[in-house]
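Take -7 as the starting number for the sequence shown in my numbering and just add one per residue.
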Amino acid sequence: MDNVIRPVFRRESKARSVDRPDIVKSYGEVGSYTVSLVRDQLDEHGDVYKVVIGSAGGSSVGSVGIEPATPDGLFDSNLIGMAVLRTLELLENRSGDFDVA
């Protein structure tokens, strides 16, 4: 499994103001969140796909999945993106103590 990237999600994001990753696709919006796929060629791991969740205003973005920029990585990223979007939909439709908005 040499194609597995093990990022540390809890570290502070290094926002780049000039070199932004290219948005490949948007999976959709749930509440005030958008789930998207970006390609980041300047990541510390090299050329990668990142599944990200961002706020509707676009002020904050966080990675939830990182895969190598290969055909297999793109396939896996699409699965991750759809799973994250579906999870947000399920949480939004729950009655109770969770609010994604």
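Just so you know, even glycine gets a beta-carbon here, dropped at the ideal spot from N, CA and C.
For residue i, the three-state DSSP class (helix, strand or coil)
i: R31; result: strand
i: G20; result: strand
i: E84; result: helix
i: T26; result: strand
Expected contact under 8 Å - CB spacing of residue i and residue j to nearest Å
i: V43; j: G73; result: 5 Å
i: E84; j: G23; result: 5 Å
i: L80; j: Y25; result: 6 Å
Residues sharing a beta bridge with residue i, DSSP
i: G54; result: I45
i: D14; result: R31
i: E131; result: Residue 131 lies beyond the range of the chain shown here (-7 to 93); nothing can be said about it.
Neighbourhood of residue i by C-beta, 7 Å cutoff - its chain only, sequence neighbours within 5 removed
i: A61; result: R31, D39, V40 and Y41
i: R78; result: none
i: Q33; result: D39
6 Å CB neighbourhood of residue i in its chain, flanking five on each side removed
i: S69; result: L29, Y41, V43 and E59
i: S18; result: S28
i: G57; result: V43 and I72
i: G54; result: I45
i: G65; result: Y41 and E59
Residue environment, residue i, which counts as buried when at least 16 other CB atoms sit within 10 Å
i: I15; result: exposed
i: P13; result: buried
Sequence-distant residues of the same chain with beta carbon closer than 8 Å to residue i, five excluded per side
i: V76; result: Y19, V27, V43, I45, V56 and G57
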